[in-house]
Amino acid sequence: MPDNNPFPLPKDELLDAYRRMRTIREFEERLHVDFARGDIPGFVHLYAGEEAAAVGIMKHLWDGDHIASTHRGHGHCIAKGVDVVAMMKEIYGKKGGACEGKGGSMHIADLSKGMMGANGILGAGAPLVCGAALAAKYRAKQKGGPSDVAISFVGDGASNQGTFLESLNLAAVWNLPAIFVVENNGYAESTARDYGTAVDSYVDRAAGFGLPGITVDGTDFFAVYEAAGEVIRRAREGGGPSLLECKMVRFHGHFEGDAQTYRAKGELEDIRANRDCLQRFTQAILGAKAVSEAELQAIDRDVLGLIERAVAEAKAAPPPDAADLTTDVYVRY
Amino acid sequence: MPDNNPFPLPKDELLDAYRRMRTIREFEERLHVDFARGDIPGFVHLYAGEEAAAVGIMKHLWDGDHIASTHRGHGHCIAKGVDVVAMMKEIYGKKGGACEGKGGSMHIADLSKGMMGANGILGAGAPLVCGAALAAKYRAKQKGGPSDVAISFVGDGASNQGTFLESLNLAAVWNLPAIFVVENNGYAESTARDYGTAVDSYVDRAAGFGLPGITVDGTDFFAVYEAAGEVIRRAREGGGPSLLECKMVRFHGHFEGDAQTYRAKGELEDIRANRDCLQRFTQAILGAKAVSEAELQAIDRDVLGLIERAVAEAKAAPPPDAADLTTDVYVRY
Amino acid sequence: MARKISMKMAINEAIDQEMTRDPTVIMMGEDIVGGAGGEGEKDAWGGVLGVTKGLYAKHPDKLLDTPLSESAYIGAAIGAAASGMRPIAELMFIDFMGVCFDQIFNQAAKFRYMFGGKAETPVVIRAMVGAGFRAAAQHSQMLTPIFTHIPGLKVVCPSTPYDTKGLLIQSIRDNDPVIFCEHKNLYGFEGDVPEKSYTVPLGEANVPREGKDVTIVAYGLMAHRALEAADLLAKDGIEAEVIDLRTLSPLDMDTVLESVEKTGRLVCVDEANPRCNIATDVSAQVAMNAFGALKAQIEMVAPPHVPVPFSPVLEDLYIPSGAQIADAARRTLAKGKT
Amino acid sequence: MARKISMKMAINEAIDQEMTRDPTVIMMGEDIVGGAGGEGEKDAWGGVLGVTKGLYAKHPDKLLDTPLSESAYIGAAIGAAASGMRPIAELMFIDFMGVCFDQIFNQAAKFRYMFGGKAETPVVIRAMVGAGFRAAAQHSQMLTPIFTHIPGLKVVCPSTPYDTKGLLIQSIRDNDPVIFCEHKNLYGFEGDVPEKSYTVPLGEANVPREGKDVTIVAYGLMAHRALEAADLLAKDGIEAEVIDLRTLSPLDMDTVLESVEKTGRLVCVDEANPRCNIATDVSAQVAMNAFGALKAQIEMVAPPHVPVPFSPVLEDLYIPSGAQIADAARRTLAKGKT
Ligand SMILES: Cc1ncc(C[n+]2csc(CCOP(=O)(O)OP(=O)(O)O)c2C)c(N)n1
Ligand SMILES: Cc1ncc(C[n+]2csc(CCOP(=O)(O)OP(=O)(O)O)c2C)c(N)n1
Ligand SMILES: [Mg+2]
Ligand SMILES: [Mg+2]
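Pasting the structure below:
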């Protein structure tokens, strides 16, 4: 089927995108089940339903690019290449976790992959990304060629944090290779986006800081991919920061345990049925015969095996040692 | 001359506006001289050159309206009716000062006049004003009639503080009778506005938060007066918050002692000659024969007398007692 | 006083009763009602852990959901307090203070002094504190010492439902800014609470257990651990006196000093990190003002100088235990004069 | 070592030398260059008090003026530190920490621990501290205890130009986040400073004056006041030992404990407000770890629990004086064992 590809990515890249999205989905759905069973400690915020944004953007990135994530960080981590087994161990608070069990779901990071951390503080990633982008700018000046970029993810609710808003201006003032992605899933916890954010259009919000803004359907992988490609290219070439809004849906509660009574009746069924980014992507690539069902099924098997192994290893892994309590505070003290 | 008044204010109001502007001007010019002489302790930021904004806005306010000011607060205080002698005593750190000598220039307040304080922290007044506006909204709901309003003043530089930006959104979300006045004097300390603020138009900045915005020539008293009238009326009637930018000029350094080498050559002479809001106002009202020179001169004499008396009383006033050091921290502890 | 309710319900009841009593009492915070702007249930959450659930139905005009902008809405609560209201602002987790601290420590705390005694700022900022929830480094801190350090703030941290209701009502009526710290791991803790309204004064410690051998000073969750320690010590015939500070600013040093005069031994316990915390504060004041009464070294028990770890095994090690406190008591009892 | 320069110049020189040495050292802050975007002089200010004046001419690519957005640019310094740079961020007055504290205490301070030891954040945040400038309540605070309380931060507060240069160079080279506190009333203070680059290690106190009768612990401006006190005491034949902590986290308790073992008397001085401050911290640690050596009560000297007043007469009363410190020493010398 090599000729049946009307998409902007070659087949192997489509399959890779599928694999990443499917991995996120299965990772999250598995956590949903295991959390309900009481296996997982702490607060867990699931990214299921939002995969196209993380993957559509991250497909453009390399390891030298940085991202800063949110409390809802698993999808960004997986899309950026953080090891899935290490993530699962982290969520279980085990030795060998991405953060040796010290961070947990809300703090998974892997700086070797340019992943600057999920973050328990809304909006906090945006200033950090300005810094990573500044560092990238210095590197680019030295080595020439296209710059590394840095991308801050922020929810619709958190886009009202001063830290985020200040960062838009700073990135513009310093003309940083930074991108601010607003993941607009319509809710901040139980509160509808429209209650907490006075402006309808994030393009207007961006314009208020002198930044170009784009809004895309975040459940459409290709729409995200294309828009992200544009803003990332501009940033790499010294054209400065942008804001990218992805309109998306959250399949689960704000955090696990949320009864979601604030949703309209039938809303969850509706979004599962009609706004599933993974389903859309699958139908598109299958429909165009760019890939075969068998190829996707093979990936599905792989992914399920990986998740199964991740959970098994996470459960089997020993907890941190008592001595670990007091290490890793300082490089030297 | 009662018939010669093409202005939106009757003669006695014009004279009152003149008196307030002249008072601010003389107050500040006197501080400039006395600071250079070493009479005045601490940091002093002068409002000279910006009088039309404070007075053009404050002419619409009554005591139940609140304002929150900035580090450059003398003008707002005087325009809102804070006692000039008490202000001078405060700046000298004396007993009987507006804050009993404990606050100084950067913290003059008079809650009985709805003046919530100058503020040493950039942007900090904006959230406070949201609160004052909220209180006003509750009062209006109870008593009916037009609402009291609350006005936050912020410099062009401070308009990039997260506190300020968050407040724009909050005011819009809660539909508060709040007005955000950006006093754009072209500089934040030594740095040009255009360096630190990525967007040209504050109307765009406001639009990014769903607020109507207006830009006016802040050296034109009548332009300020008219625009302020409009946004204040809207707020009083429940129409919600607005942003008002006043483009203006600063006659002195950022603070007293600033050599202002960052200014273009001739800039200061130019703005003194061509953008003096008080001169413009005087010429307008005299030119239209709405008032007479003699009337203004009488006010000038009054004002100079008042300032002279304020300085004399401030110098003569005793300093606070040692025991005052530890009072007024809590209502009760 | 037979009715037992949880600390969570005690908070809810205190707010309800004060809102009923005083028209100027309002409350604002993120999802404190919940469901705003949506098509489903209104009053869907009542705060992230359901503490304010049901208040909206009773006081629909007085609970305001906010955008995720702590600086703006905590500041708004402060501004409203300075202009006639008596607002309660919920800072969901005290760990979020870093995005809005200026409004608290430079504005609310300093208005009265900076303005020469001419301002009153009767605001209450409620926030969850403490570890044990597996919520990791940014949702588990105490941070009480930071607020206690600041002149102009009052700081409350109760350990029982009874004290919680009485102290919260008192805090709402108080005319100074109060940081009201609620230990999230005590929300489910039940105790006797009168239905009627009552107050517990700020600045008075409680002595839930008397003893003559050693004084253990604690607050919040640690008051319970101190009582556990006292039980352990009792098995060895050691009579520990437990002081629950309840309010950290103002601080009831009289009760502490009196107790130390009696016991001659002091253990100060804090769930806050060890440097410049409440335990060092109380210890230092005793070393200055009751030195003569001390028979041996003061002992302090606190978590190590590390962030709160996520892993349950580490977090459990992080939080001082009754056994650790008892050991500290034994250490000071083993030394010095008798 | 005959060259005398001011503390201000010592800072300037340290930054200059480190920028020359290491291409990853950059600096950002408000008006640290000055004149940006304008038509007049470039490098017009060099910071609000001229500390960085002239550095822009030497390192034009390495000094970045910022918008008035501390959260964004302090956070950017932290983010840049986590991705390979070694930034110095200037927080003009430490009092402004309230608008950007989250980036410091929840981000920079916790990265390494939260990320399981896999992050380094070599950022230095320089800020002016302290009273005496007639700058009133929001521009005069110490706040050192707040940063010292936070695990993951290092806190430095030098008292001499020599220490300032050496500690700042060390802080820039250090791989952990450092809060570097510069007392604005010491900027003009001159002392011997070698021209060449050198470091002073973090976590080592200095003993500018030895004595056998009483230990006075201080830092920053208070180190000078402690020396004044020692002079006063010397007139009565009392030999005070003065310890200048220099760094508050890590803290050199060994030097303090050793001194107290020798003198048996302790006075802890702090310019920070009294509750949960450095003086209580050091005092408590001594009461715990060197109780046996103490001959009498520990004395603490700090400003009262009030904001910094504007009026010069009040501000002068607010700041602890040499005489107050000497009195405290006499109080503890008057009591207890000999
Ligand atoms: C500074 C801060 N305030 C509040 C919270 C609590 N909180 C965590 S997630 C959340 C809602 C976030 O909504 P949004 O930004 O839209 O992201 P989403 O959860 O929808 O992905 C809130 C209020 C926090 N973590 N940090
Ligand atoms: C949070 C905070 N950051 C920095 C400062 C220091 N500062 C005081 S005034 C000023 C410049 C303000 O510029 P602008 O807002 O334009 O007001 P203007 O002085 O021009 O009236 C700065 C940076 C401060 N007071 N508060
Ligand atoms: Mg959302
Ligand atoms: Mg300006």
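Line order of the protein sequences matches chains A, B, C and D.
Residue 1 is where the first sequence starts when you use this note's numbering, and the numbers rise one by one after that.
Residue 1001 is where the second sequence starts when you use this note's numbering, and the numbers rise one by one after that.
Residue 2001 is where the third sequence starts when you use this note's numbering, and the numbers rise one by one after that.
Residue 3001 is where the fourth sequence starts when you use this note's numbering, and the numbers rise one by one after that.
Even for Gly, the Cβ is constructed at its ideal location relative to N, Cα and C.
On a predicted model such as this, the values are computed, not experimentally measured, just so you know.
Cβ pair count under 8 Å reaching 3, the stretch 1293-1301 of chain B against the stretch 1013-1023 of chain B | yes
Determine, using beta carbons only, whether VAL181 of chain A and SER152 of chain A come nearer to each other than 8 Å.
-> yes
Proximity below 8 Å, CB of VAL3129 of chain D to CB of CYS3157 of chain D = yes
Indicate, with yes or no, if ligand 1 has a heavy atom lying under 7 Å from the CB of PHE2096 of chain C.
-> yes
Could you pull the start and end residues of the alpha helix (DSSP H) that ALA1028 of chain B belongs to?
-> Reading off the sequence shown, one finds Glu at residue 1028 of chain B, where the question assumed Ala. Start and end: 1011-1036.
Near PHE2147 of chain C, what residues of its chain come up, given a Cβ to Cβ distance below 6 Å and the 5 sequence neighbours on each side ignored?
-> LEU2153, VAL2155 and ILE2179
Unbroken alpha helix (DSSP H) run spanning GLU2190 of chain C, endpoints = Here GLU2190 of chain C belongs to no alpha helix (DSSP H); instead the beta strand (DSSP E) covers 2190-2192.
Taking C-beta pairs closer than 9 Å, name the residues in chain A that VAL1199 of chain B reaches, listed in chain order.
-> ASN169, ALA172, ALA207, GLY208, PHE209, GLY210 and LEU211
Quick one: is LYS2337 of chain C buried, meaning 16 or more other Cβ sit within 10 Å of its Cβ, or exposed?
-> exposed
Considering only residues of the stretch 1058-1102 of chain B, which uninterrupted beta strand (DSSP E) runs meet the minimum length of 3 residues and lie entirely inside it, listed in chain order?
-> 1066-1068
Exposure label - GLU3210 of chain D; buried when at least 16 CB within 10 Å | exposed
Of the listed residues B:ASP1200, B:ASN1169 and B:TRP1174, nearest to ASN1184 of chain B (C-alpha basis) = B:ASP1200
Shorter than 8 Å from the beta carbon of LEU2956 of chain D to some beta carbon of chain B?
-> There is simply no residue 2956 of chain D to check, as chain D begins at 3001 and stops at 3338 in what is shown.
Range of the contiguous alpha helix (DSSP H) that encloses GLY2075 of chain C = 2070-2081
Rounded C-alpha distance that separates MET3097 of chain D from LEU3091 of chain D | 7 Å
Sorry if obvious, but does the Cβ on GLY2054 of chain C come closer than 7 Å to a heavy atom of ligand 5?
-> Ligand 5 is not part of the structure shown, which contains ligand 1, ligand 2, ligand 3 and ligand 4 as its ligands.
Cα separation between ASN3095 of chain D and SER2249 of chain C?
-> Note on residue identity: the sequence assigns Asp, not Asn, to residue 3095 of chain D. Near 21 Å, if we compare the C-alpha coordinates of SER2249 of chain C and ASP3095 of chain D.
Confirm, please, whether the CB-CB distance from VAL2260 of chain C to ALA2293 of chain C is below 8 Å.
-> yes
Please state if the CB of TYR2056 of chain C and the CB of LYS1102 of chain B are separated by a distance shorter than 8 Å.
-> no
GLY2322 of chain C classed as buried or exposed, judged by whether at least 16 other C-beta atoms fall within 10 angstroms = buried
Below 7 Å CB to CB, which residues in the same chain sit around GLY2191 of chain C once its five sequence neighbours on both sides are set aside?
-> LYS2004, THR2160, PRO2161 and TYR2162
Specify whether the stretch 3015-3034 of chain D and the stretch 3073-3081 of chain D touch according to this definition: at least 3 beta carbon pairs, one from each stretch, less than 8 Å apart.
-> yes
Taking only runs that begin and end inside the stretch 2142-2222 of chain C, name each unbroken beta strand (DSSP E) of 3 or more residues, in chain order.
-> 2154-2156, 2178-2183, 2190-2192, 2206-2209 and 2214-2218
Proximity test, TYR202 of chain A beta-carbon vs ligand 3 heavy atom, cut-off 7 Å = no
Among the residues of its own chain, which have a CB less than 6 Å from the CB of GLY2046 of chain C, if the five just before and after it don't count?
-> THR2052 and LYS2053
Residue(s) in a DSSP beta bridge with ALA259 of chain A | Answer is none; ALA259 of chain A lacks a bridge partner.
Please name the residue, chosen from B:GLY1093, B:LEU1014 and B:VAL1154, that lies closest to HIS1060 of chain B on a Cα-to-Cα basis.
-> B:LEU1014
Based on the DSSP output, what are the partners of VAL2301 of chain C in its beta bridges?
-> C:VAL2269
Provide the residue(s) that pair with PRO3087 of chain D in DSSP beta bridges, ordered along the chain.
-> D:ILE3026
Near THR3255 of chain D, which residues of its chain fall below 8 Å by C-beta distance, leaving aside the five closest residues on each side in sequence?
-> GLU3204, ALA3205, VAL3207 and ILE3243
Hey, would you say VAL2306 of chain C sits closer than 8 Å to LEU325 of chain A, going by beta carbons?
-> yes
What residues in the stretch 1037-1053 of chain B have a beta carbon less than 8 Å from any beta carbon of chain D?
-> PRO1041, GLY1042 and PHE1043
Candidates D:LYS3184, D:GLN3297, D:ASP3231 and D:ILE3172, of which the one nearest THR3121 of chain D by Cα = D:ILE3172
So, helix, strand or coil for TYR330 of chain A, using DSSP?
-> coil
Could you check if GLU1237 of chain B is buried or exposed, using at least 16 other CB atoms within 10 Å of its CB as the buried criterion?
-> exposed
Measure from the C-beta of LYS1102 of chain B to each C-beta in chain C and report whether the shortest distance is under 8 Å.
-> yes
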